[in-house]
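Protein chains in written order, with the numbering used here: chain Z, 14 to 357; chain W, 8 to 796. Heads up, the beta-carbon is just placed ideally off N, CA and C, and yes, glycines get one too. Bear in mind that the values here come from a model prediction, so they are computed numbers and not experimental data.
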């Protein structure tokens, strides 16, 4: 029996030497350790062995089986190692060859600025309001303290659809609509982004279509100081934490007092450079306290309500932030321009 | 408004720091457009021509020696009017004249020249004396060696103010003086004008029959000697940007600049009657204006008539017939108040904007109507030798009382958010020259003077107080009222969709809403109303677009012509109809989407790429009940065999497909695939109300199936049938191969399907799988005549 087993192991080992892949190894494993292996025959033989010899022979068979199993396992490990080594060798590549070219998507710069400004105001508790671009003269002008034939209308040459309808010249009519919709006269804090139109020939600094974002706060107590604080916050968010602002008197029919807002030059820090025309300041937007006539027209009692409004040109903000020198670039959509600004 | 510093200095003590004044204006009043030296030329000097001889080598040149005070220069001069003894303007070596003309030492035909004797034109102020020929000869009183600009009163600085519509008071030097005095906390004292009159009856009477002329003063001035104005007057007009013409015209302009009151001078002898009637024009009446144009008048125009015929367009332009000119000796001087709206309408309609009309439009100070006339009369006597004939004729019903405005300190502080005191406010009102008195403890009653025509209520007073006390003194706070900030579902969706396309390599565009007539309707699916601009900029931008596609195609064409051929665009924008505006999501794809050339990989835009991107978007938005089907009525601009309609439930979302080859050819485009969807329908289908679905615990089983069907049978039909028969157990079905050709009848195709089966409650047994697959095969055999391959 012992000889038989030794012979068995020797045979197996010599066959194992000739095996060079895992598949053959598995076949050999089946032959020796599978259901119909030689050990089955040996187990049959064991039945005929005298009773007192059985444990010894049984143990011998098991030991032989274990040894074979170990040899097989050892061989398997060796073969796998070889396989991995081959893979490492064969699969090495030139990592400097180019990767797959993916199209570089981009949000339009105007959308980016709108989203950025929206996020600033959302954080301050404002909601975003929208309205039609084809507006009535009533909402676009009259209810904003710009009666027909008022000289201030010259500030905004308009594109008319009819005597009474026009392309909105600012997003202020959305403010009017929001005031009117707010029938309970709850505190209102809104911003209105959108397209606006003026009768201007397109050139480097003019565009018949552009984008505005206006903000409006109407409650019982929003003050000029609140406006100033809000403006400083926005200027810092848009142009950097070190920025300062200053207000200068101006005129808009829908606000009184009205101001222009300058931000300290982000290029020279206020010392004066070509960017800011040596003044240290750059004009970024207009603002003011809501004119009582606007409140009254919308049915709000000026003795009980007050508030402020501000309005910025989205293109202007982008022009300043990104050093763009021609407003038409926003509407040409030359992809070599658009793709430069991939957004946050 | 261009403000002469020399002129202003006469009225207010402004010192010499004009830079400071500029800053004050910017921060407290009006934006300064620019601050500049009126004539910015150095090295000019008054020269005395000592000798003047013919140049030996050139007939037209003279060799002069000119005493310029500290030296005598030899200068070659080409002007025919040069002569010995003249006082002239000399540009010394080093001067730089307009047009970057540098004066250098030079030799002209062999003779040295050390400077140049100048004309006014060479100094850039031809308008100073329109009769000039050759060099400009100064008066004998000009002092040799001194600054000629000073002699001519041109040594001035100008502060150019960009006026806002509410500050018509600054359209006069007096208004500017009040404001400057207030800003600098100095004083401005108005002057009174006095003059002698000839004691006789005024020979003219003025009347009106319209309430649109509230005041009219007519003064006759006799023995006027038409001529040039003195240097100081001309210089001030030039500083203000007005061209000197003759003493009569110049005086009216000067007074207008001083007080903001436009004046007009008629040639008295050319007025056919002895009466002036101000009235509205009659329909179809005409008037030849000063510029020689025959103007057709409307009833809304106000005209000055001689009782019968118009002789001037009130506030806008005088009539040719009564124009002051050569031979004028007697004038009628007009100072009046015309309705701002009427003047505005007339000047707008006739496109006649003038210094006069713009002042009337913005509202003149009723307090200055007579004063301006007085000042002009004084100047006519002084500068034109005129004699004022008797008392003026006039009517005047303008409001001359100041208007009262009430403002409480409490209100002021509430609006500004700053703590003002009564004393502070009082001192600011004093600087503003606004009379006031305080009642109770803190209620101001403020008299707003008539010169501030554009102040109406307490908010205007607040503005005055804040600007003078300084915006920098306003504290920094933020609104205390708590509100919630959030985006609506649609607003959020816009961002989600934008991000989806950007992440898939698309570039967002924003294009003009105004397009031309063809583009506006080219991609319409049905007849829609168009919205047309009444006064368009041009034909290319005259109609509001229905579809974004034409704009996107233009952008594509633009980029393609610049060698950018792989283009993936999308835009969210509105479609405009008569009754409403609808938001669209549109886009196009063309060229290579992704590639790796050395690997031989290249994915080129085609219908199915676009379809996949669109389906990906719908899934991203959790929209599952959509259908993409062959378009029933494809647009004529689309390839009829490659266009699909997209429905969500029963609602039509839009279409996607290939542009018609003809259109591609017309626009010189490569294969282009486009889509246009109704964003509002997308938004209402957008499902953000999600509930977790249990992940199946039991494994799924895959089976492949190849069938032969009629060639024109759609994939959708096959899949529908498979789903119908597969019932609950069928989790997914996918087409993974389509084959026609060898071995398949020519009217048939082979389709390979991959089925995924799963039971959520237990592991599927082979028998169950077989049953379901059998059922599917049977269904396909029965309904679409499929044969198992």
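Assigned secondary structure, residue 288 of chain W (DSSP; H/G/I helix, E/B strand, else coil): coil
Since residue 342 of chain Z meets chain W, which of its residues come closer than 9 Å, beta carbon to beta carbon? Ordered by position in chain W, no residue passes the 9 Å Cβ test against residue 342 of chain Z, which lies about 11 Å from the chain.
Name the chain A residues whose beta carbon is nearer than 8 Å to that of residue 173 of chain Z? No chain A is part of this structure, whose protein chains are labelled Z and W.
Which residues share a DSSP beta bridge with residue 317 of chain W? W/312
Beta carbon of residue 104 of chain W, beta carbon of residue 129 of chain W: below 8 Å? yes
Using a beta-carbon distance below 8 Å, is residue 422 of chain W in contact with chain Z? yes
Beta-carbon contacts of residue 442 of chain W that lie in its chain and below 6 Å, excluding the five residues immediately before and after: 454
Following the continuous alpha helix (DSSP H) through residue 71 of chain Z, name the residue where it begins and the one where it ends. 67-104
In chain Z, what lies closer than 9 Å to residue 1 of chain W by C-beta? Outside the modelled stretch of chain W, which goes from 8 to 796, sits residue 1 of chain W, for which no answer is possible.
Residue 171 of chain Z and residue 179 of chain Z look like a contact to me (Cβ under 8 Å); what is the Cβ gap, rounded to whole Å? 5 Å
Which residues, in chain order, does the segment 121-141 of chain Z contribute to contact with chain W at a C-beta distance below 7 Å? 121, 123, 124, 128, 134, 135, 136, 137, 138, 139, 140 and 141
Could you tell me which uninterrupted beta strand (DSSP E) segments, each at least 3 residues in length, are contained entirely in the segment 447-535 of chain W, listed from first to last along the chain? 450-455
State the Cα-Cα distance for the pair residue 742 of chain W and residue 758 of chain W, rounded to the nearest angstrom. 7 Å
Beta-carbon spacing of residue 272 of chain W, residue 259 of chain W below 8 Å: yes
Which residues mark the beginning and the end of the alpha helix (DSSP H) in which residue 189 of chain W is found? 180-191
For residue 102 of chain W, count the other beta carbons within 10 Å of its own beta carbon; 16 or more makes it buried, fewer makes it exposed. Which is it? buried
Inspect the beta-carbon positions of residue 223 of chain W and residue 343 of chain W and report whether they are closer than 8 Å. yes
Evaluate residue 585 of chain W with the Cβ neighbour count: other Cβ atoms within 10 Å of its Cβ, from every protein chain shown; 16 or more gives buried, anything less gives exposed. exposed
Using 8 Å for Cβ pairs, my map puts residue 693 of chain W next to residue 496 of chain W. What's the rounded Cβ distance? 7 Å
What residue from W/338, W/361, W/261 and W/250 has the CA that sits closest to residue 179 of chain W's CA? W/261
Which residue's Cα is closest to the Cα of residue 111 of chain Z: W/748, W/616 and W/605? W/605
Roughly how many whole angstroms lie between the Cα atoms of residue 250 of chain W and residue 27 of chain W? 29 Å
Strictly below 7 Å CB to CB, what residues from chain W border residue 304 of chain Z? 466
Please go through the same chain and pick out, in chain order, the residues whose beta-carbon is closer than 7 Å to the beta-carbon of residue 537 of chain W, but skip the five residues on each side of it. 527, 528 and 550
Quick one: give me the first and last residue of the alpha helix (DSSP H) that residue 306 of chain Z is part of. 305-310
Determine contact between the segment 353-367 of chain W and the segment 419-434 of chain W, defined as no fewer than three beta-carbon pairs at a distance below 8 Å. no
Just checking: is the beta-carbon of residue 301 of chain W within a distance shorter than 8 Å of some beta-carbon in chain Z? no
With distance defined between alpha-carbon atoms, name the residue in W/219, W/235 and W/204 nearest to residue 229 of chain W. W/204
Using 8 Å as the limit for Cβ to Cβ distance, is residue 229 of chain Z near chain W? no
Within 8 Å, strictly: CB atoms of residue 338 of chain W and residue 202 of chain W: no
If I measure Cβ to Cβ from residue 484 of chain W and keep anything under 7 Å in the same chain, skipping five residues before and after, which residues do I get? 424
If you reduce the DSSP assignment to three classes, tell me which class residue 341 of chain W lands in. strand
Going along the chain, which residues of its own chain have a beta-carbon closer than 7 Å to the beta-carbon of residue 686 of chain W, five neighbours each way excluded? 579, 590, 591 and 592
Along the chain, which unbroken stretches of the alpha helix (DSSP H) at least 4 residues long are found entirely within the segment 543-625 of chain W? 556-567
Would a check of beta-carbon distances place residue 483 of chain W closer than 8 Å to chain Z? yes
Answer yes or no: does any C-beta atom of chain Z fall closer than 8 Å to that of residue 316 of chain W? no
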